[in-house]
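Peer 1:
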Amino acid sequence: MPNEKIWHFTLLALSLHRNMDNRKSTLALGTKPVGKLLMQYATPAIAAMVASSLYNMIDSIFIGQGVGPMAISGLAITFPFMNLSGAFGAAIGVGASTTLSVRLGQRDYRTAQKILGNTVVLNTIIGILFGVTCLVFLEPILRIFGATDNTLPYANEYMTVLLLGSVITYQYFGLNAVLRAASKPHMAMYVTIFTVVLNTALDPLFIYVFDMGIRGAALATILAQALALTWQLRVFSDNREMLHFQKGCYKLDVDIVKNIIAIGMSPFSMNACACIIVIFINTTLVRHGGDIAVGAFGIAHRIGFVFFMIVMGINQGMQPIAGYNYGAGNYNRMMQVLKLSILTATVVMTTGWLIGEVAPVYCARLFTNDRQLTEIAAHGIRISMLCFPLIGFQAVTTNFFQSIGKAKISIFLSLSRQMIFLLPLLIILPVRMGEDGVWWALPASDATAFFTTLTILIAYIRKIKPKQATNV
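As structure tokens, this is what we get:
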């Protein structure tokens, strides 16, 4: 009996110690030097995003080299699905993590627990509804997305497997976003890297050894995410953690759900718009350049995606710092992390621009040995990445407004680049320039969105200057 009491008090002490460490980690968001904080939070997020983008690239490389050029085109046809799925996932994941960051900044730990439980329930609901609905109407949807008789079989096989695993995918990405907001960026990084390594190992096994083709690549993705999800669930099931599953946290709270959705509308809008844009790109390229042009866009998209995902990692590192300090009223620290994030993102995208302009052929050859596909893809890479140095600023600033709960501004900035500028250009330029009009529409919209974002940010900085003065 005495041993049981000793064991009980030992567990209690360990639990209190862990909770204190977690709270100290959260409180450091308002006290630790901003540069060190951004490095602490952004580095694992960047590593995770790079790993994730490399996984997407490796997936495409295995499909292109192992299945063929039409499979690359079929994969590109599924991009709108990825954007649409990402839209719902971001609405919950980003909305929940941002709300969580602000609540932790206010030291409202009880509400934070509810946010965790509500996130799981919402992701389950959306995962089931999205997966079932899309499976029922899969073929006609793919036709709308630009699939032809040549590319439809590949796109159909790939998406069937992914849609069957929708709940797993939503929970995996949603809980990883919560991990980052809960001061566990390194754990979120380890989970993502684990997923990437496992997926990379399973890809050649399913595609080549088991001769499953493009279906094997999709199955490898779902299995890797499922194993990573078990790890995440184990972490949040530990009651020694400050943030963990507990009785009553799963009951949907109307105010929490509204807040999550309100903040999540910005990334939802951005991804939903991206879905529409990619549909326009695919259908226009099919009309002016054929299936091979769609495959070229798929390759160019994957190359640019690597650098954009690094910026997303910077954004994820910035989000809890900006959200916490906004909630705590530390406006100077909030602006410091914004400026540093913009600088870092600009350096990253400029590096991408240099690679895209200097070595586009070598980039395209990673995915295919087909001469025609390589030439078209290299041409597209060089044009589409022309204004890459400007994208970092626009992406970080949009995410900044989202991080501090300025959903309307963030939504407008998300819409401006894609719907207000890019969509009209995709309609007008191909009429005059054919296939090239699609490629040139991308840098033209990037430049226009940059100046729009700059104007809005300057106006916001002027507005909060009096508040900054009180923090000095």
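Those letters in the sequence shown? Residues 954 to 1425, per our numbering, in order. Quick reminder that beta carbons are idealized off the backbone N, C-alpha and C, glycines included.
1) Taking all protein chains shown into account, do 16 or more other C-beta atoms lie within 10 angstroms of the C-beta of residue 1092, making it buried, or fewer, making it exposed?
2) Tell me where the alpha helix (DSSP H) around residue 1220 begins and ends.
3) In whole angstroms, what separates the C-alpha of residue 1186 from that of residue 1073?
4) Counting along the chain, where does the alpha helix (DSSP H) carrying residue 1333 start and finish?
5) Tell me which residue opens and which closes the alpha helix (DSSP H) that residue 1282 is part of.
6) Taking the straight line between their C-alpha atoms, what separation do you get for residue 1380 and residue 1360?
7) Which word fits residue 997, buried or exposed, when buried means at least 16 other C-beta atoms lie within 10 angstroms of its C-beta?
8) My assumption, with CB atoms under 8 Å, is that residue 1130 sits in contact with residue 1003. Please give the rounded CB distance.
9) Got a sec, what are the start and stop residues for the alpha helix (DSSP H) residue 1196 sits in?
10) By the three-class DSSP mapping on this structure, what secondary structure does residue 1415 have?
11) Helix, strand or coil for residue 986? Go by DSSP, reduced to three states.
12) Excluding five sequence neighbours on each side, which residues of the same chain lie with their C-beta closer than 8 Å to the C-beta of residue 1331?
13) Apply the 10 Å Cβ neighbour rule to residue 990 and answer buried if 16 or more other Cβ atoms are within range, or exposed otherwise.
14) Is the stretch 1103 to 1120 close to the stretch 1154 to 1162, with three or more CB pairs under 8 Å?
15) I'd like to know if the stretch 1015 to 1025 and the stretch 1211 to 1218 are in contact, where contact means that at least 3 CB-CB pairs between them fall below 8 Å.
16) Hey, is the stretch 1292 to 1301 in contact with the stretch 1347 to 1365, meaning 3+ C-beta pairs nearer than 8 Å?
17) Taking DSSP as the reference, what is the three-state secondary structure of residue 1156?
18) Would you mind working out which of 1387, 1274, 1408 sits nearest residue 1357, comparing C-alpha positions?
19) Quick one: is residue 1411 buried, meaning 16 or more other Cβ sit within 10 Å of its Cβ, or exposed?
20) For the candidate residues 1221, 1077, 1288, whose alpha-carbon lies nearest to that of residue 1036?
21) Could you tell me if residue 1079 is buried or exposed, where buried requires 16 or more neighbouring beta carbons within 10 angstroms of its beta carbon?
22) From which residue to which residue does the alpha helix (DSSP H) around residue 1087 run?
23) Quick check: the Cα distance between residue 1415 and residue 1128, rounded to an integer number of angstroms?
24) Measuring alpha carbon to alpha carbon, tell me which of 1032, 1077, 1354 ends up nearest residue 1407.
25) For residue 1040, which residues in the same chain have their Cβ closer than 7 Å to its Cβ, ignoring the five residues on either side in sequence?
26) Report the three-state DSSP secondary structure of residue 1358 (helix, strand or coil).
27) Is the beta carbon of residue 1043 less than 9 Å from the beta carbon of residue 1135?
28) Which word fits residue 1068, buried or exposed, when buried means at least 16 other C-beta atoms lie within 10 angstroms of its C-beta?
29) Taking its Cβ as the centre, do 16 or more other Cβ atoms sit within 10 Å of residue 1052, making it buried, or is it exposed?
30) Measuring only from the beta carbon, is residue 1185 closer than 8 Å to any heavy atom that is part of the ligand PLP?
31) Considering only the alpha carbon of each residue, which of 1205, 1070, 1001, 1239 lies closest to residue 1146?
32) Sort 1191, 1151, 1205, 1199 by Cα distance to residue 1179 and report the nearest one.
33) By a C-beta neighbour count over all protein chains shown, 10 Å radius and 16 as the cutoff for buried, is residue 1086 buried or exposed?
34) Assuming residue 1396 contacts residue 1390 under a Cβ cut-off of 8 Å, what Cβ separation, rounded to an integer in Å, is found between them?
35) Assign residue 1320 to one of three DSSP states: helix, strand, or coil.
36) Once the 5 residues before and after residue 1116 are set aside, which same chain residues still bring their CB inside 6 Å of it?
Peer 2: From the atom records:
1) For the purposes of this step, residue 1092 is taken as the residue at position 139 of the sequence shown. Residue 1092 comes out exposed.
2) To locate residue 1220, count along the sequence shown from 1; it is residue 267. That run of the alpha helix (DSSP H) goes 1207 to 1242.
3) For this step, residue 1186 is matched to residue 233 along the sequence shown. For this step, residue 1073 is matched to residue 120 along the sequence shown. Cα to Cα, residue 1186 sits roughly 10 Å from residue 1073.
4) In the sequence shown, counting from the first residue as 1, residue 1333 sits at position 380. Its alpha helix (DSSP H) spans residues 1324 to 1337.
5) Taking the first residue of the sequence shown as 1, we reach residue 1282 at position 329. For residue 1282, no alpha helix (DSSP H) segment is defined, and its DSSP state is neither H nor E.
6) Here residue 1380 is taken as the residue at index 427 of the sequence shown, counted from 1. Here residue 1360 is taken as the residue at index 407 of the sequence shown, counted from 1. Rounded to whole angstroms, residue 1380 to residue 1360 spans 28 Å at the Cα level.
7) Counting from 1 along the sequence shown, the entry for residue 997 is found at position 44. Residue burial is scored here from C-beta neighbours: residue 997 has at least 16 other C-beta atoms within 10 angstroms and is therefore classed as buried.
8) Position 177 of the sequence shown, counted from the first residue, corresponds to residue 1130. Position 50 of the sequence shown, counted from the first residue, corresponds to residue 1003. Actually they do not touch by this definition, with Cβ atoms about 17 Å apart.
9) Start at 1 with the first residue of the sequence shown, and residue 1196 comes out as number 243. That residue, residue 1196, is in no alpha helix (DSSP H); it is neither H nor E in DSSP.
10) As a position in the sequence shown, residue 1415 is number 462, starting the count at 1. For residue 1415, the three-state secondary structure derived from DSSP is helix.
11) Stepping through the sequence shown from its first residue, residue 986 is reached at position 33. Here residue 986 sits in coil by DSSP.
12) What you label residue 1331 is simply residue 378 of the sequence shown in a count that begins at 1. These residues qualify, in order along the chain: 1313, 1314, 1316, 1317.
13) Looking up residue 990 in the sequence shown gives position 37. Buried, by the Cβ-count rule.
14) Proximity of the stretch 1103 to 1120 to the stretch 1154 to 1162 falls short of the contact definition, fewer than three beta-carbon pairs being nearer than 8 Å.
15) Contact fails: fewer than three Cβ-Cβ distances are below 8 Å.
16) Contact holds: three or more Cβ-Cβ distances are below 8 Å.
17) What you label residue 1156 is simply residue 203 of the sequence shown in a count that begins at 1. In the three-state reduction of the DSSP assignment, residue 1156 falls in the helix class.
18) Reading the sequence shown from its first residue, position 404 is the one you call residue 1357. Distance from the Cα of residue 1357 is smallest, within the candidate group 1387, 1274, 1408, for 1274.
19) As a first step, residue 1411 must be located in the sequence shown, where it is residue number 458. With fewer than 16 Cβ atoms within 10 Å of its Cβ, residue 1411 is classed as exposed.
20) As a working note, residue 1036 is residue 83 in the sequence shown. That would be 1221, whose Cα lies nearest to the Cα of residue 1036.
21) Here residue 1079 is taken as the residue at index 126 of the sequence shown, counted from 1. Classified as buried, residue 1079 has 16 or more neighbouring CB atoms from the shown chains inside 10 Å of its CB.
22) One-based indexing of the sequence shown puts residue 1087 at position 134. In this chain, the alpha helix (DSSP H) harbouring residue 1087 covers 1062 to 1089.
23) Here residue 1415 is taken as the residue at index 462 of the sequence shown, counted from 1. Here residue 1128 is taken as the residue at index 175 of the sequence shown, counted from 1. Cα to Cα, the separation comes out at about 36 Å.
24) Counted from its first residue, the sequence shown places residue 1407 at position 454. Nearest of 1032, 1077, 1354 to residue 1407, Cα basis: 1354.
25) Residue 1040 sits at position 87 when you count from the first residue of the sequence shown. Answer for residue 1040: 1221, 1224, 1225, 1228, listed in chain order.
26) Here residue 1358 refers to the residue found at position 405 when the sequence shown is read from its first residue. DSSP places residue 1358 in coil when its eight states are reduced to three.
27) For this step, residue 1043 is matched to residue 90 along the sequence shown. For this step, residue 1135 is matched to residue 182 along the sequence shown. Not in contact: residue 1043 and residue 1135 (Cβ atoms no closer than 9 Å).
28) What you label residue 1068 is simply residue 115 of the sequence shown in a count that begins at 1. Buried: at least 16 other Cβ atoms inside 10 Å.
29) Position 99 of the sequence shown, counting from 1, holds the residue named residue 1052. Counting every other CB atom within 10 Å of its CB across the protein chains shown gives residue 1052 a total of 16 or more, marking it as buried.
30) Judged by which ligands are present, the structure shown has none, so any question about the ligand PLP falls away.
31) On the sequence shown, residue 1146 is found 193 positions in, with the first residue counted as 1. Answer by Cα proximity: 1001.
32) What you label residue 1179 is simply residue 226 of the sequence shown in a count that begins at 1. The residue with the shortest Cα to Cα distance from residue 1179 is 1151.
33) Here the question's residue 1086 lines up with position 133 in the sequence shown. By the 16-neighbour rule on beta-carbons within 10 angstroms, residue 1086 is exposed.
34) Here residue 1396 refers to the residue found at position 443 when the sequence shown is read from its first residue. Here residue 1390 refers to the residue found at position 437 when the sequence shown is read from its first residue. Residue 1390 and residue 1396 do not touch by the CB rule: their CB atoms are close to 12 Å apart, not below 8 Å.
35) Counting from one through the sequence shown, the residue named residue 1320 turns up at place 367. If DSSP states are grouped into helix, strand and coil, residue 1320 belongs with coil.
36) What you label residue 1116 is simply residue 163 of the sequence shown in a count that begins at 1. The residues are 1084, 1087, 1088.
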